[in-house]
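*Asks:* Chains E and X, in that order, give the protein sequences.
Per my numbering, residue 6 is the first one in the first sequence, and the count goes up by one each step.
Per my numbering, residue 6 is the first one in the second sequence, and the count goes up by one each step.
Please read through the structure below; I'll follow up with questions.
There are 2 protein chains.
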Amino acid sequence: MDQYCIGVDVGGTSVKFGLFSGEGDLLERWSIRTRTAEKGKYILGDIAESIASKMEEKNLRRNNLIGIGIGIPGPTQSDGYVEVCVNLGWEDLNPAKELQALLGVPVFAGNDANVAALGEMWKGGGEGYRDVVLFTLGTGVGGGVILDGKILAGHRGLAGELGHITVNPDEPEACNCGNHGCLEQYASATGVARVAAKILRESSKDSALRGLRRFSAKDVFDAAKKGDELSLQAVEVLGKYLGRVCATVALTVDPDVFVIGGGVSKAGPILTDVISKYYKFYTPLTEKKVPVVLAELGNDAGIYGAARMALDH
Amino acid sequence: MDQYCIGVDVGGTSVKFGLFSGEGDLLERWSIRTRTAEKGKYILGDIAESIASKMEEKNLRRNNLIGIGIGIPGPTQSDGYVEVCVNLGWEDLNPAKELQALLGVPVFAGNDANVAALGEMWKGGGEGYRDVVLFTLGTGVGGGVILDGKILAGHRGLAGELGHITVNPDEPEACNCGNHGCLEQYASATGVARVAAKILRESSKDSALRGLRRFSAKDVFDAAKKGDELSLQAVEVLGKYLGRVCATVALTVDPDVFVIGGGVSKAGPILTDVISKYYKFYTPLTEKKVPVVLAELGNDAGIYGAARMALDH
């Protein structure tokens, strides 16, 4: 009998699904809208219905499914328990248990960034490694820590919340979390544009960015690649703070590899080079540095990691 | 047949031993000098001899010993391999395997600060917890990370090197490691005295410390407890940097508890209070903070942790 598993990545606007073979090949992906109305009470039912209809379409029975993995956009404990998930409206819920009750198939849950890190370890930028730290540089900055091939969830599901590490306590502007000087304020897409805008305001030098009415992180990196001095300064700011966090994380959990994903990572090697430069600078203690590489799975990292969670159990 | 185990804590000047019952009670402790001459080639032989004569004294045979744990003052991989141990002169050595060959008893090795953290989890300030982070504030600052009751050694044996996390890149003075602004420069015994001396130089205010020709971290804390303003400033500096590292570590591995040990921790609650204050300040992300407590085993943490390593295998 053929064996399959399903990886689910729950986001604030859509839920992504991947059907995988038992060998871990992605056979098909699909998605539905996330109904966050009424404290997200319809989300798990919608997911169960979507999976049930896909199983019908493919003529799959319950015993064809090894299991289902699900990534949640908020702190998730290792037993799947979610105390609060602001993005979905959930409170005091175990989505893994609920979904398992609805479908009669084993379900395993983790925080979405942690799950994405597992995906990148399995089939992405971290392939071949067992101790992987992922930074996801998107609208915000997410993080995931994989130790010995397994997600580190942490005592309260907060492990790998690397975007909210304080890197500059003197920052006058507040982060969304209320703190000042979180990594996210310099290394997210919005952060890169914010930093560049500040550099432009404080300098009288010319810059390609001055010709744009509004600019994004991509614009900053594109200009930096062409040698635009002020854009390069913004890139250095990102590298300095993210590289220092890599150094700090290396001295805490000592991983094999750092993987950089999210929209900002489309900038390519200019990004990993500048992070790597500062990571090395801040760890003189050891000669041996681990690589800083680009993520490879893009938006599929979540469904890959979720599938891997199911296969590992 | 009665069962025992032995915990060994190798330091740069002495090797401490503890004989434990199979139930984990410390029955006897003793120590020998560390012979670091000739690249530390005599150390393991001396340890084996000392254990063998203790076994003879106690009428113990090999099969009375469950195993031996040994803490090494340098990066130690999870299989016991030590690439370089500057303090002992060792290079490219597996002390666990060598000692096992000499004594015919299972031997397990770990970094001394990690092993001490395991000891504090077992019978000290971290008792009752499974995810423990220890800071040892002595001449330098050591650290140890215990996850799910086990030492996290890290890919290169560097996990838990928390004293060399950069907390102030603008620091003009260099740390022993070559970096600038390591936690160790503010939170070690020498660091506290250094910071206080700097505060005294830069202020014209009166201070009890000014009456002393030389002063130690203990003098600084004693004065601070009596309300000495400049001494309190030095304590705040320690709290700010160590509290921020606790916040960073919490967002990386999310432990149950932080344990503060080493000579500086004799200062007592004034120390854990100031660390806790800043740790909470730098983690607005979550309402739930974990406790910051004092270590309880003093110099015995190493032999306790080493014994626990042997009992766990």
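Don't be surprised by glycine CBs; every beta carbon is placed ideally from N, CA and C.
So what's X/R38 in DSSP terms, helix, strand or just coil?
*Replies:* Against the second sequence, residue 38 of chain X aligns to sequence position 33. DSSP places X/R38 in strand when its eight states are reduced to three.
*Asks:* If the criterion is Cβ atoms closer than 7 Å, does the pair E/T18 and X/R249 meet it?
*Replies:* Mapped onto the first sequence, residue 18 of chain E falls at position 13. Mapped onto the second sequence, residue 249 of chain X falls at position 244. No, they are not a contact pair.
*Asks:* Within the continuous beta strand (DSSP E) that includes X/T291, where are the two ends?
*Replies:* As a first step, residue 291 of chain X is located in the second sequence; it is residue number 286 there, counting from the start. Run containing X/T291: none; DSSP gives neither H nor E here.
*Asks:* With a cut-off of 8 Å on the beta carbons, I'd call E/T257 and X/G165 a contact; round off their distance for me.
*Replies:* In the first sequence, the residue the question calls residue 257 of chain E occupies position 252. In the second sequence, the residue the question calls residue 165 of chain X occupies position 160. Rounded, the Cβ-Cβ distance is 7 Å, consistent with contact.
*Asks:* Check whether the region 282–295 of chain E and the region 39–47 of chain X are in contact - that is, three or more C-beta pairs closer than 8 Å.
*Replies:* No, because fewer than three Cβ pairs between the region 282–295 of chain E and the region 39–47 of chain X fall closer than 8 Å, the two stretches do not touch.
*Asks:* Compare the Cα-Cα distances from E/G76 to each of E/E61, E/I52, E/R67 and E/D97 and report the closest residue.
*Replies:* Here residue 76 of chain E is taken as the residue at index 71 of the first sequence, counted from 1. Minimum Cα distance to E/G76 is reached at E/I52.
*Asks:* I want to verify the contact list: residues of chain X whose CB lies under 9 Å from the CB of E/T291, in sequence order.
*Replies:* Sequence index remark: in the first sequence, residue 291 of chain E carries index 286 (1-based). Under the 9 Å cutoff, chain X gives P80, R161, L163 and E166.
*Asks:* Quick check: the Cα distance between E/G94 and E/V138, rounded to an integer number of angstroms?
*Replies:* Taking the first residue of the first sequence as 1, we reach residue 94 of chain E at position 89. Taking the first residue of the first sequence as 1, we reach residue 138 of chain E at position 133. Distance between the alpha carbons of E/G94 and E/V138: 28 Å.
*Asks:* For E/Q238, I'd like the list of residues in its chain whose CB is within less than 7 Å of its CB, leaving aside the five on either flank, ordered along the chain.
*Replies:* Your numbering for residue 238 of chain E matches position 233 in the first sequence. I204.
*Asks:* Report the neighbours of E/C90 on chain X: residues whose CB is nearer than 8 Å to its CB, in chain order.
*Replies:* Numbered from its first residue, the first sequence carries residue 90 of chain E at position 85. Under the 8 Å cutoff, chain X gives no residues; its nearest Cβ is about 13 Å from E/C90.
*Asks:* Jot down the residue ranges of each uninterrupted alpha helix (DSSP H) in the region 194–235 of chain X, minimum 4 residues, whole runs only, in chain order.
*Replies:* With a minimum length of 4 residues, the continuous alpha helix (DSSP H) runs that stay inside the region 194–235 of chain X are 194–207 and 222–230.
*Asks:* Looking at the secondary structure, which residues open and close the beta strand (DSSP E) in which E/S55 lies?
*Replies:* Your numbering for residue 55 of chain E matches position 50 in the first sequence. Per DSSP, E/S55 belongs to no beta strand (DSSP E); it is in the alpha helix (DSSP H), I48 to E62.
*Asks:* Between X/T195 and chain E, is any beta-carbon pair separated by less than 7 Å?
*Replies:* In the second sequence, counting from the first residue as 1, residue 195 of chain X sits at position 190. Cβ-Cβ to chain E under 7 Å: no for X/T195.
*Asks:* Return yes when the Cβ of X/A255 is within less than 7 Å of the Cβ of X/T288, no when it is not.
*Replies:* Within the second sequence, residue 288 of chain X is the residue found at index 283, counting from 1. Within the second sequence, residue 255 of chain X is the residue found at index 250, counting from 1. Yes, these two residues count as a Cβ contact at 7 Å.
*Asks:* Check the Cβ-Cβ distances between E/C182 and every residue of chain X, and say whether any is below 7 Å.
*Replies:* Counted from its first residue, the first sequence places residue 182 of chain E at position 177. Yes, E/C182 counts as interfacial toward chain X.
*Asks:* How would you list, in chain order, the residues of chain X whose beta-carbon sits under 7 Å from the beta-carbon of E/H169?
*Replies:* Here residue 169 of chain E is taken as the residue at index 164 of the first sequence, counted from 1. Here the neighbours are L256 and L290.
*Asks:* In its own chain, which residues sit with a C-beta less than 6 Å from the C-beta of E/G124, not counting the 5 before and 5 after it?
*Replies:* On the first sequence, position 119 is the one that residue 124 of chain E refers to. Closer than 6 Å at the Cβ level, and outside the excluded window around E/G124, lie L302, A306, Y309 and G310.
*Asks:* Cβ closer than 7 Å: which chain E residues qualify as neighbours of X/R284?
*Replies:* Locating residue 284 of chain X in the second sequence gives position 279, where the first residue counts as 1. It should be noted that the sequence gives Tyr, not Arg, for residue 284 of chain X. Here the premise fails: no neighbours, minimum Cβ distance about 11 Å.
*Asks:* Restricting to Cα atoms, I'd like to know which of X/M314, X/V225 and X/L235 is closest to X/G273.
*Replies:* Position 268 of the second sequence, counted from the start, is the residue given in the question as residue 273 of chain X. The shortest C-alpha separation from X/G273 is found at X/V225.
*Asks:* So, are the CB atoms of E/P177 and E/G186 less than 7 Å apart?
*Replies:* As a first step, residue 177 of chain E is located in the first sequence; it is residue number 172 there, counting from the start. As a first step, residue 186 of chain E is located in the first sequence; it is residue number 181 there, counting from the start. No, they are not a contact pair.
*Asks:* Please determine, among X/G45, X/G29, X/L24 and X/S209, the residue with the shortest C-alpha to C-alpha distance to X/W35.
*Replies:* Here residue 35 of chain X is taken as the residue at index 30 of the second sequence, counted from 1. Selected option, being the one with the closest Cα: X/L24.
*Asks:* For X/D117, which three-state DSSP category applies?
*Replies:* As a position in the second sequence, residue 117 of chain X is number 112, starting the count at 1. Helix.
*Asks:* What residue ranges within the region 99–185 of chain X form continuous alpha helix (DSSP H) runs of no fewer than 4 residues, ordered along the chain?
*Replies:* Runs of the alpha helix (DSSP H) inside the region 99–185 of chain X: 100–108 and 117–128.
*Asks:* Quick one: list the residues of chain E neighbouring X/D84, beta-carbon separation under 9 Å, in chain order.
*Replies:* Looking up residue 84 of chain X in the second sequence gives position 79. Within 9 Å Cβ-Cβ: nothing; X/D84 doesn't reach chain E, min ~13 Å.
*Asks:* Would you check if the distance between the CB atom of X/Q82 and the CB atom of X/G149 is smaller than 7 Å?
*Replies:* The residue you call residue 82 of chain X lines up with position 77 of the second sequence. The residue you call residue 149 of chain X lines up with position 144 of the second sequence. Against a cut-off of 7 Å, the Cβ pair of X/G149 and X/Q82 comes out as no contact.
*Asks:* Mapping the DSSP letters down to three states, classify X/D30 as helix, strand or coil.
*Replies:* One-based indexing of the second sequence puts residue 30 of chain X at position 25. X/D30 falls in the coil class under three-state DSSP.
*Asks:* Considering E/D317, what are the terminal residues of the alpha helix (DSSP H) in which it resides?
*Replies:* Along the first sequence, read from residue 1 onward, the residue named residue 317 of chain E stands at position 312. Start and end: A306 to D317.
*Asks:* Using CA coordinates, which residue listed in E/D261, E/D117 and E/D84 is at the minimum distance from E/E103?
*Replies:* As a working note, residue 103 of chain E is residue 98 in the first sequence. Comparing Cα positions, the closest option is E/D84.
*Asks:* Does the ligand MG have even one heavy atom less than 6 Å from the beta-carbon of X/L107?
*Replies:* No copy of the ligand MG occurs in the structure displayed, which carries no ligand at all.
*Asks:* Quick one: give me the first and last residue of the beta strand (DSSP E) that E/Y9 is part of.
*Replies:* Position 4 of the first sequence, counted from the start, is the residue given in the question as residue 9 of chain E. From DSSP, the beta strand (DSSP E) with E/Y9 extends over Y9 to V15.
*Asks:* Could you check whether the Cβ of E/T144 sits closer than 7 Å to any Cβ belonging to chain X?
*Replies:* Taking the first residue of the first sequence as 1, we reach residue 144 of chain E at position 139. Not an interface residue.
*Asks:* By the three-class DSSP mapping on this structure, what secondary structure does E/S83 have?
*Replies:* Taking the first sequence and counting its residues from 1, the one referred to as residue 83 of chain E is at position 78. Note: E/S83 maps to coil in three-state DSSP.
*Asks:* So with CB distances below 7 Å, who are the chain E contacts of X/A252?
*Replies:* As a position in the second sequence, residue 252 of chain X is number 247, starting the count at 1. What X/A252 touches in chain E: T171.
*Asks:* Beta-carbon of X/Y287 versus every beta-carbon of chain E: anything under 7 Å?
*Replies:* Counting from one through the second sequence, the residue named residue 287 of chain X turns up at place 282. Yes - at least one Cβ of chain E is within 7 Å of the one on X/Y287.
*Asks:* Identify which residue in X/V146, X/G133 and X/N92 has its Cα closest to the Cα of X/A118.
*Replies:* Against the second sequence, residue 118 of chain X aligns to sequence position 113. If we check each option's Cα against that of X/A118, X/V146 comes out closest.
*Asks:* Would a check of beta-carbon distances place X/R40 closer than 7 Å to chain E?
*Replies:* By 1-based counting over the second sequence, the position of residue 40 of chain X is 35. By this cut-off, X/R40 is not an interface position.
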